[in-house]
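Asker:
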Amino acid sequence: MKKEMVLTLLAGSLLFGALFGACTAVAPPSPYGPVPTPAQLEWQKMEYYMFVHFGPNTFTDVEWGDGKEDPQVFRPTALDCRQWVETARNAGMKGIILTAKHHDGFCLWPSQYSTHTVRESGWKEGKGDVLRELSDACREYGLKFGVYLSPWDRNHPAYGTPGYNRIFAGTLQEVYTQYGGNEIFEQWFDGACGEGPAGRKQEYDWELFRQTVLSFNPELVIFSDVGPGCRWMGNERGVAGETNWSTLDTAGFTPGLGAPSSHVLNSGNRGGQAWVPAETDVSIRPGWFYSPSTDDRVKSLEQLTDIYYTSIGRNSNLLLNVPPDRRGRIHPNDSARLMEFRDHIAASFQTDLAQGAGASASSVRGNSSRYRAANVLSDDYDTYWATDDGEQTAWLELSLPSEQTFNRLLLQEYIPLGQRVARFTVEIRGAAGAWEKLTEATTIGYKRILRFPAVTASGVRVRIDEALAAPVLNRIAVYRALEQAVVSR
Ligand code: FUL
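Letter by letter, the sequence shown follows residues -8 to 480 of our numbering.
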């Protein structure tokens, strides 16, 4: 064959290959099991937001007001919700959830369903409205706004009668119609009830409560022990399970006494029926409400950093409570600590030492560059590495541009296709070129960050040892975090 003919044939087949390849794009993996709704995905990406416990308890030094407190005790001297929002925004938080009504029944807005509200208080001659001020401030600063409303009400005379359910639904309706319910990002339903066996017994109509808020905002993420939007993760210490599935079996369970065990809430259910990701709620102080006695007991930078790794680092969002003081402002001790924490995390995760690495994998879905291993190096959320269906064990290797010293590994699964990875091993290539095992872990989910003492290596390999379906990872990064925080817990 003549040389020109060979070249023509070669060019022709390349052109055919390119055209053919383009026409038969390899289909993405189908979702596996339950997956997040678009609103749950947006919520998960928020990662970090503020809880605000504020009310009569702020002034009386108790955690659970009994509903008999004189509303006149609520008398903040210099309340400034914009200062809360500014503090949250500067701290890197994406939203605020306010205890609009805690167990004492006191409403931080002048509710028509209660006589225990800001209207009866000593603040602004009864003309104030904290919910109004905070929702306006969140809008002004571009932060999301959420509400905590306790079903357990120690003040309302109808509590313990069937009529109370309608009253509570009316209360929800009032909040959602008057304070921009379609913008509220999260509704927090506390399952706590301390009435005890001799106390008033209320059978909650959870379905009514959920439908009421969803009717104003179908995108709303509803928090409770069993979701449906997100779930309590089982403790108030800030420690999500090392294994943490975003899936949960909810059938037959209710918030509160009928909830799954705290152990289950801590880890979720492998293969669970519903997508109900974990939220970690924890206070920056020993109590949920402000007390002058805790001004010097604000959690240390080490404690907060540890919580970062045991919440956000374990496939959970972090709802950090920062209770305003008796002026109605965030105390300087809390805000100073929040800024130290923000700086520490920002410095620790500033430089991804894997950038520029060469990436290879045991296999790539359909050999298509669309699913290539190097996608895990990009910050584009929607590009990912995937294998062919059925390949449930796989590995991905990063050859670092040069030897690097690091102590954190960050991994993300592309959760719009479900949570899949059940167990994985991390290996590193040492100075002599041999691979050695560094560590192992179980679930990944939206985000997993592993901590280990600093190692120096020229390569990192993630081996998926067990998965419910073929793995889909959209991010792998390595960092050298500041070694100020406690390494193991
Ligand atoms: C608990 C409540 O009893 C506490 O007072 C606090 O509000 C916490 C966030 O939830 O169930």
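Note that beta-carbon positions come from the ideal geometry of N, C-alpha and C, so glycine has one too.
Ala352 by DSSP, collapsed to three states: which one?
Answerer: strand
Asker: So the candidates are Thr78, Trp386, Leu459, Ala30; which of them puts its Cα closest to the Cα of Leu205?
Answerer: Scanning Thr78, Trp386, Leu459, Ala30 for the CA closest to the CA of Leu205 turns up Ala30.
Asker: Output the distance between the C-alpha atoms of Asp144 and Leu402, rounded to the nearest integer angstrom.
Answerer: 42 angstroms
Asker: Just jot down, in chain order, the residues whose CB lies closer than 5 angstroms to any heavy atom of ligand 1.
Answerer: Asp181, Ala183, Trp279
Asker: By the three-class DSSP mapping on this structure, what secondary structure does Glu394 have?
Answerer: strand
Asker: Which residues bound the alpha helix (DSSP H) around Gly161?
Answerer: 154 to 169
Asker: Return yes when the Cβ of Leu464 is within less than 8 angstroms of the Cβ of Leu387, no when it is not.
Answerer: yes
Asker: Span of the alpha helix (DSSP H) holding Tyr132?
Answerer: In the DSSP assignment, Tyr132 falls within the unbroken alpha helix (DSSP H) covering 121 to 132.
Asker: Flag this pair as yes or no: are the beta carbons of Arg471 and Pro67 separated by less than 8 angstroms?
Answerer: Cβ atoms of Arg471 and Pro67: not closer than 8 angstroms.
Asker: Sort Val230, Phe443, Ser291, Glu474 by Cα distance to Thr430 and report the nearest one.
Answerer: Phe443
Asker: In whole angstroms, give me the CA-to-CA distance for Gln499 and Val412.
Answerer: With the chain running from -8 to 480 in the structure shown, residue 499 is simply not present.
Asker: Where does Gln63 land, buried or exposed, given buried means 16+ other C-beta within 10 angstroms?
Answerer: With fewer than 16 Cβ atoms within 10 Å of its Cβ, Gln63 is classed as exposed.
Asker: With H, G and I counted as helix, E and B as strand and the rest as coil, what does DSSP make of Cys98?
Answerer: strand
Asker: Under 8 angstroms: do the segment 289 to 296 and the segment 206 to 220 share three or more Cβ pairs, one atom per stretch?
Answerer: Result no; under three Cβ-Cβ pairs closer than 8 angstroms.
Asker: CB-CB under 6 angstroms to Arg466, same chain, minus the five flanking residues each way: which ones, in chain order?
Answerer: Same-chain partners within the cutoff: Val367, Gln403.
Asker: Of the choices Gly133, Leu122, Leu248, Ala242, whose alpha-carbon is the least far from that of Cys184?
Answerer: Leu248
Asker: Between Phe332, Lys92, Ala458, which has its C-alpha nearest Thr416's C-alpha?
Answerer: Ala458
Asker: Could you tell me how far apart the beta carbons of Thr90 and Gly46 are, in whole angstroms, since I believe they sit closer than 8 angstroms?
Answerer: For a cut-off of 8 angstroms, the C-beta gap from Thr90 to Gly46 is around 6 angstroms, short enough to register as a contact.
Asker: Do the segment 72 to 89 and the segment 145 to 165 make contact, defined as three or more Cβ pairs closer than 8 angstroms?
Answerer: The segment 145 to 165 and the segment 72 to 89 do not touch, with fewer than three beta-carbon pairs separated by less than 8 angstroms.
Asker: I'd like to know whether the C-beta atoms of Phe97 and Thr108 end up nearer to each other than 8 angstroms.
Answerer: yes
Asker: Report yes if the CB atom of Phe397 is closer than 8 angstroms to the CB atom of Val446, and no otherwise.
Answerer: yes
Asker: The beta strand (DSSP E) that contains Thr221, what's its start and end?
Answerer: Contrary to the premise, residue 221 reads as Cys rather than Thr in this sequence. From DSSP, the beta strand (DSSP E) with Cys221 extends over 221 to 223.
Asker: Run the CB neighbour count on Gly349, radius 10 Å, all protein chains shown included, and call it buried at 16 or more, exposed below.
Answerer: The residue is exposed, with fewer than 16 neighbouring Cβ atoms inside 10 Å.
Asker: Nearest by alpha-carbon distance to Asn312: which of Arg328, Met37, Met41 is it?
Answerer: Met41
Asker: Looking at C-alpha atoms only, which residue of Ser393, Arg333, Arg452, Ser339 is the closest neighbour of Met84?
Answerer: Arg333
Asker: Have a look at Ile158 and Leu199 and give me their C-alpha separation to the nearest angstrom.
Answerer: 11 angstroms
Asker: Evaluate Lys36 with the Cβ neighbour count: other Cβ atoms within 10 Å of its Cβ, from every protein chain shown; 16 or more gives buried, anything less gives exposed.
Answerer: exposed
Asker: Please state the DSSP three-state secondary structure of Pro29.
Answerer: helix
Asker: Among Glu174, Thr168, Ala189, Arg201, which one has its Cα closest to the Cα of Phe180?
Answerer: The option with the nearest alpha carbon to Phe180 is Arg201.
Asker: Which two residues bound the contiguous alpha helix (DSSP H) that contains Ala338?
Answerer: 323 to 339
Asker: Thinking Ala432 and Asp343 are a contact (beta carbons under 8 angstroms), I'd like their distance in whole angstroms, please.
Answerer: Not really, about 19 angstroms apart at Cβ, beyond 8 angstroms.
Asker: In terms of DSSP beta bridges, what is Gln178 paired with?
Answerer: Val138, Ile213
Asker: What does the Cβ neighbour count give for Glu60, buried or exposed, with the cut at 16 atoms within 10 Å?
Answerer: Glu60 counts as buried, since at least 16 other C-beta atoms from the protein chains shown sit within 10 angstroms of its C-beta.
Asker: Measure the C-alpha to C-alpha separation of Asp272 and Glu33 and round it to an integer number of angstroms.
Answerer: 18 angstroms
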